[in-house]
Every structure is written in C-alpha cells, then in structure tokens.
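In short: position in the sequence shown from 1, add 705, done, that's our numbering.
The beta-carbon is built from N, C-alpha and C at its ideal position, and this holds for glycine as well.
What you are looking at is a predicted structure, and each value in this text was computed from that prediction instead of being measured.
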Amino acid sequence: MLSRIAESLFWVGRYLERAEDTARILDVQIHQLLEGSTQDEALASGVLRSVMGLAGDAEPAAGRGTPELDLNEVTALLAFDTTQPSSIVSSLVGARENARGVRESISSELWECLNA
C-alpha cells in the first residue's frame with residue numbers, strides 16, 4: 706500500500722470519528738437540556754463552546770469583550786457551519802475529499818455513505 710493511500714485512509718477514519726464524536730457531544734448536551742435539567746442554557750452554551758474549541762470564534766456582542774451565542778447558535782455552528790473545522794459537516798466534507806482520492810481502496814458501501 707502506498708503511503709499516500711494509507712494517509713488518506715487514516716484521515717477518512719479520523720474525520721469520521723470527529724464527526725461522530727461531535728454528534729454524540731451535541732446529542733448529550735441537547736438531551737440534558739430537554740430532560741428538564743436545572744442547568745442554565747447560557748452556562749451550557751459556554752461549556753459547549755469551550756469543550757469544542759469555539760471560544761472567541763464568533764463576533765463579540767455590542768459593548769462586550771466576549772461573544773455571546775445561545776445554545777441554538779452553538780449547536781448550528783457545531784452541526785452545519787462549513788467554516789468551522791470542528792463541525793459535523795466540515796468533518797464529513799474532509800472525509801469525503803480524502804475518500805475521493807482512494808476510491809478504489811474503499812468499499813462501495815462506505816463511498817455511498819459518504820455521498821448520501
């Protein structure tokens with residue numbers, strides 16, 4: 706196996722793991738809030754941002770030094786924002802781009818899953 710192919714396969718797996726981990730973290734956070742937890746939404750948003758490395762990535766609110774994002778905005782950033790490297794969509798795009806280069810080395814099922 707060529708090192709280029711091995712490296713691309715490594716990154717396909719790495720990006721898929723990153724997407725799955727981010728989805729699981731979001732799932733747990735949302736379920737905690739939906740189950741009537743006494744956790745403050747602003748606190749949950751801040752914790753989620755710091756855990757996922759989003760602190761300081763957004764525009765600051767007017768008159769404040771730190772950006773204020775509610776939990777819905779943080780969830781949208783982590784799930785759908787293509788400019789955010791830790792988002793689920795960005796991870797899937799990265800996996801797909803690496804898989805495209807080694808199409809002959811991966812199963813058709815994996816290729817179909819990445820293109821769904």
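Distance CB(residue i)-CB(residue j) smaller than 8 angstroms
i, j, result
"Leu819", "Arg801", "yes"
"Ala749", "Ser796", "no"
"Thr743", "Leu783", "no"
"Val798", "Phe785", "no"
"Ile710", "Ser813", "no"
Straight-line gap, residue i to residue j (C-alpha atoms, nearest Å)
i, j, result
"Ser792", "Phe715", "19 angstroms"
"Leu759", "His736", "21 angstroms"
"Thr788", "Val752", "21 angstroms"
"Leu721", "Gly741", "31 angstroms"
"Val733", "Glu817", "28 angstroms"
"Ala767", "Arg719", "Bear in mind that a pLDDT of 48 at Ala767, under 50, signals an unreliable position, so the model cannot answer this."
"Arg729", "Ser713", "24 angstroms"
"Pro790", "Met757", "10 angstroms"
Residue environment, residue i, which counts as buried when at least 16 other CB atoms sit within 10 Å
i, result
"Arg754", "buried"
"Val717", "buried"
"Leu774", "buried"
"Ser708", "exposed"
Nearest-angstrom Cβ-Cβ length linking residue i and residue j, presumed shorter than 8 angstroms
i, j, result
"Glu746", "Leu739", "Contact doesn't hold; Cβ gap of about 11 angstroms is too wide."
For the structure I just gave you, are there three or more beta carbon pairs, one from the region 803-821 and one from the region 774-793, closer than 8 angstroms? no
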